[in-house]
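Following my numbering, the residues of the sequence shown are numbered contiguously, the last one being 187.
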Amino acid sequence: MNAPDLLPEEYKKKDCDQKGGYIMDMTVTWTGNMAFAGAAPSGHKIVMDASGEAGGENAGARPTELLLGAAAGCTGIDIVSILKKMRLEPVSFHMDIKGIRAEEHPKRFTDIHIHYALEGELPEEKVVRAIKLSKDKYCSVSKSLNADITVSYSINGSAGGQKL
C-alpha cells in the first residue's frame, strides 16, 4: 500500500488537503536488517540505516542526520532565494549544523545550532535579515520541528550563537 492509498477519497482527487495545504509523500521501504530506502515522487532516493552499535550496518545516513540536513538545506535554499531577490549572491555558502539530543528516549533534539559560512559581497545585515525571514516565515522544515527546540545561528566564525 502506498501513501495515496492511505488518504481519504477527497484527498486523492487533488494535490492539496481540505485546508489548502499541499500533500507531500514519500515511500520508505525496509531493505533488510535496520536499513530503509526512501523514494520521493521527484525521483530522488535516500538510504537510511542504523550504526553498527545500534544493530545496523552503517549503509546510510541516520534519520536524525537527515533531519538536520533537511533543516540546513531548507534554510539554505530560502537564504539564497532571499539574497537573490536583494540582488546579492554568495560566491560560496555552506552550513554546519549541530543538534543536541536528549539522553532519554525518544532522544529528540533539544537544541539545534546552524553556522552559516558565506563569502561574497554580502552586507551582514542583509544576511541576518535573510536568516530571520527563513527562520520566522519560510523554512517549512524548521517550522515543522517541535516548538520546544531552540534554534540558533552564527555567521562566518562569529563568536557564540545568537537566537533569532
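Ideal Cβ placement from N, Cα and C applies to all residues, glycine included.
Just so we're clear, the structure is a prediction, and the values are computed from it rather than from any experiment.
Residue pairing by DSSP places Glu142 opposite Ser115 in a beta bridge. Residue range 68-71 is occupied by the beta strand (DSSP E) that includes Ile69, with no alpha helix (DSSP H) assigned at that position.
Going by DSSP, Ala94 is part of the alpha helix (DSSP H) stretching over 86-108.
In the DSSP assignment, Lys121 is bridged to His136. Three or more Cβ pairs drawn from the segment 147-155 and the segment 93-111 lie within less than 8 angstroms of each other, which places the two stretches in contact. According to the DSSP assignment, Ala58 belongs to the beta strand (DSSP E) that extends over 58-62. By the CB criterion at 9 angstroms, Gly83 and Ile120 fall outside the cutoff. Ser65 sits in coil when the DSSP states are folded into three classes, being neither helix nor strand. Between the segment 121-131 and the segment 58-66 there are fewer than three C-beta pairs closer than 8 angstroms, too few to call the two in contact.
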